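One structure is given here, and the rest of the page talks about it.
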Amino acid sequence: MVKSCHVTCRMALDKAVADGLILKNPAANCKAPATHPREMAVLTGEEIQRLLIQAKEDGCYELLLLELSTGLRRGEILALQWDDLDFRTGALRIERQIQRIKGELVVSQPKTKTSNRSVILPGPILKVLERYRKSCSSRWMFPSPKKTDSPLDPAAVRKKLTSVLKRAGCKHLRFHDLRHTFATNALEHGMDIKTLSAIIGHVSSATTLNVYAHVTDEMRQKAADRIDRGIAGVEPPSKPTWKKESTPTPFRAVKGKYRKPGTGCMTQINDHLWEGRYSPKVNGKRIARNVYASTEEECERRLAKLIAEMKRELEPLRAKKKAG
């Protein structure tokens, strides 16, 4: 911020000198402070696995998965609408952002001109979003659970991420650090700077190089090591020693004290019997149905199937009530 103020003042005073208002620029001999970039925090591969496992339990899996796959800014991902995604081609358009201004959520243009862009989503991500789309009745991709026709509040997402990270046993970081995690992984897996810069919406590739200099330095070192091995006549290993293999994590999601609304309830009757119950309220009356299974996992699957069936059955009744 100090450097930014210094540049603004110096430019204004240069203009004053050019117009003959003052003899010399008093800011010319004023040295700006050196910048010390904040150390970047990124998630490891194992931490990403734990985060996504816990996110499924806490109801924000699709949001965090899409963020780790695209590196969108928080305001950009929360402003996404279903019309922005072409499921046929996988193209996702980013053309707006959500900001909180004077206590109100405001939809505005993205940060820069290059922030208006399209990102091609991988097939597995599209399949996840297709399944998620069936359960979402809002035009917003990530709607607010409390307000009608409103996107998620950025502050609520920040709190949710903090909770998921804590339960998953990951280090604390900001939502913006998920963007850094995506970019770092993209570079380490061979994406070039120009492509990455276009995907994350930087004004120029120079900005991307400056932000991720530590990653590109490491990549250069790895390339130099491979060249040295070749010159020395040493056959490089079939699998580079620097490339870490990702192994499944044994982590299991930490269950919250309360289940999410609309997911029913589960009760363990004895060591070999679980009961699932779903009791929605329709036209002022409770309609309850139960399922049973010998394991918790099987009961969860049967309960999810029961909830889907009951929602389809009750949809005409709710539509009739809404129509009066």
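Going by this note's numbering, the sequence shown opens with residue 19, and the numbers climb by one from there.
The C-beta atom is built at its ideal place from N, Cα and C for all residues, glycine as well.
Only a predicted model underlies this, so the values are computations on that prediction, with no experimental measurement involved.
For residue i, the first and last residue of its enclosing alpha helix (DSSP H)
i      : result
VAL229 : 223–229
TYR276 : That residue, TYR276, is in no alpha helix (DSSP H); it is neither H nor E in DSSP.
ILE343 : The requested residue 343 does not occur in the structure, where the chain is confined to residues 19 to 342.
LEU345 : Not covered by the structure: residue 345. The range shown for the chain is 19 to 342.
ALA311 : From DSSP, ALA311 is part of no alpha helix (DSSP H) but of the beta strand (DSSP E) over 307–311.
ARG197 : 193–206
ARG23  : Inspection of the sequence shows that residue 23 is occupied by Cys rather than by Arg. Per DSSP, CYS23 belongs to the alpha helix (DSSP H) from 20–36.
GLY141 : 141–152
Straight-line gap, residue i to residue j (C-alpha atoms, nearest Å)
i      : j      : result
LYS42  : LEU191 : 46 angstroms
ASN288 : ARG304 : 26 angstroms
LEU90  : GLY294 : 38 angstroms
HIS194 : ARG92  : 7 angstroms
PRO268 : LEU324 : 29 angstroms
VAL233 : HIS198 : 11 angstroms
THR180 : ARG118 : 19 angstroms
ASN203 : LYS164 : 35 angstroms
ALA30  : ASN47  : 15 angstroms
THR313 : THR225 : 52 angstroms
ALA174 : TYR79  : 15 angstroms
LEU82  : THR130 : 23 angstroms
THR265 : GLY274 : 26 angstroms
THR285 : LEU291 : 9 angstroms
TYR296 : LYS74  : 20 angstroms
ILE211 : GLY280 : 44 angstroms
HIS207 : TYR230 : 14 angstroms
TRP260 : LYS33  : Only weak support is given to the placement of TRP260: the predicted model assigns it a pLDDT of 40, under 50, and the value that follows is read from those uncertain coordinates. One C-alpha to the other measures close to 53 angstroms.
ALA337 : ARG151 : 20 angstroms
PRO172 : LYS120 : 14 angstroms
SER22  : THR107 : 42 angstroms
ALA306 : LYS340 : 22 angstroms
HIS24  : ALA50  : 7 angstroms
LYS177 : VAL20  : 30 angstroms
ASN228 : GLU57  : 13 angstroms
LEU61  : TYR276 : 28 angstroms
SER223 : THR26  : 24 angstroms
GLY187 : LEU170 : 25 angstroms
PRO343 : THR166 : For the chain, the structure presents residues 19 to 342; residue 343 sits outside this window and is missing.
GLY342 : MET209 : 56 angstroms
Distance between beta carbons of residue j and residue i, contact taken as under 8 angstroms
i      : j      : result
VAL272 : ARG330 : Between ARG330 and VAL272 the Cβ distance is about 32 angstroms, and since that is not below 8 angstroms, they are no contact.
LEU321 : VAL300 : Not quite, the Cβ-Cβ distance comes to about 18 angstroms (not below 8 angstroms), so this is no contact.
ALA52  : ARG28  : Incorrect: roughly 17 angstroms between the Cβ atoms, too far for contact.
CYS317 : ALA311 : 4 angstroms
LEU205 : LEU214 : 6 angstroms
LEU123 : SER153 : Between SER153 and LEU123 the Cβ distance is about 23 angstroms, and since that is not below 8 angstroms, they are no contact.
ARG111 : PRO128 : In fact, because the Cβ distance is near 11 angstroms, the residues do not count as touching under 8 angstroms.
ILE354 : LEU84  : Past the boundaries of the shown model lies residue 354; the chain is included only from 19 to 342, so the question cannot be answered.
ALA109 : LYS189 : At roughly 34 angstroms, the Cβ-Cβ gap does not stay under 8 angstroms, so ALA109 and LYS189 are not in contact.
Residue i: first and last residue of the uninterrupted beta strand (DSSP E) it sits in
i      : result
LEU110 : 109–112
CYS99  : Looking at the sequence provided, one finds Gln at residue 99 rather than Cys. Premise fails: GLN99 is in no beta strand (DSSP E) and is neither H nor E.
CYS78  : That residue, CYS78, is in no beta strand (DSSP E); it is neither H nor E in DSSP.
ILE138 : 135–138
THR213 : Counting along the chain, THR213 falls outside any beta strand (DSSP E), though it belongs to the alpha helix (DSSP H) covering 211–218.
ASN43  : Per DSSP, ASN43 belongs to no beta strand (DSSP E) and is neither H nor E.
LEU123 : 122–126
GLY294 : 291–296
ASN288 : 283–288
ARG118 : 115–119
Cβ-based neighbour list, residue i, same chain, cut-off 8 angstroms, excluding 5 preceding and 5 following
i      : result
SER87  : LEU139, PRO140, ILE143, PHE200
SER256 : Caution applies to SER256, whose pLDDT of 49 falls short of 50 and renders its modelled position unreliable; the model cannot decide the point.
Residues of its chain near residue i, where Cβ-Cβ distance is below 7 angstroms and the 5 sequence neighbours each way are ignored
i      : result
PHE105 : LEU144, GLU148
VAL309 : GLY294, CYS317, ARG320, LEU321, LEU324
VAL125 : ALA97, ARG114, ILE116
VAL146 : GLU80, LEU83
LYS278 : GLY77
GLY282 : GLY294, ARG295, TYR296, LEU321, ILE325
Spatial neighbours of residue i in its chain, beta-carbon cut-off 6 angstroms, leaving aside the 5 residues before and after
i      : result
LEU335 : VAL300
ASP76  : VAL182
Quiz item: Taking three-plus beta-carbon pairs below 8 angstroms as touching, is the region 96–109 in contact with the region 143–162?
Solution: Judged by Cβ distances under 8 angstroms, the region 96–109 makes contact with the region 143–162, as three or more pairs qualify.
Quiz item: Would you say the region 207–224 touches the region 130–138, given that touching needs at least three Cβ pairs under 8 angstroms?
Solution: yes
Quiz item: If you pair each beta-carbon of the region 65–74 with each one of the region 20–37, do three or more pairs fall below 8 angstroms?
Solution: no
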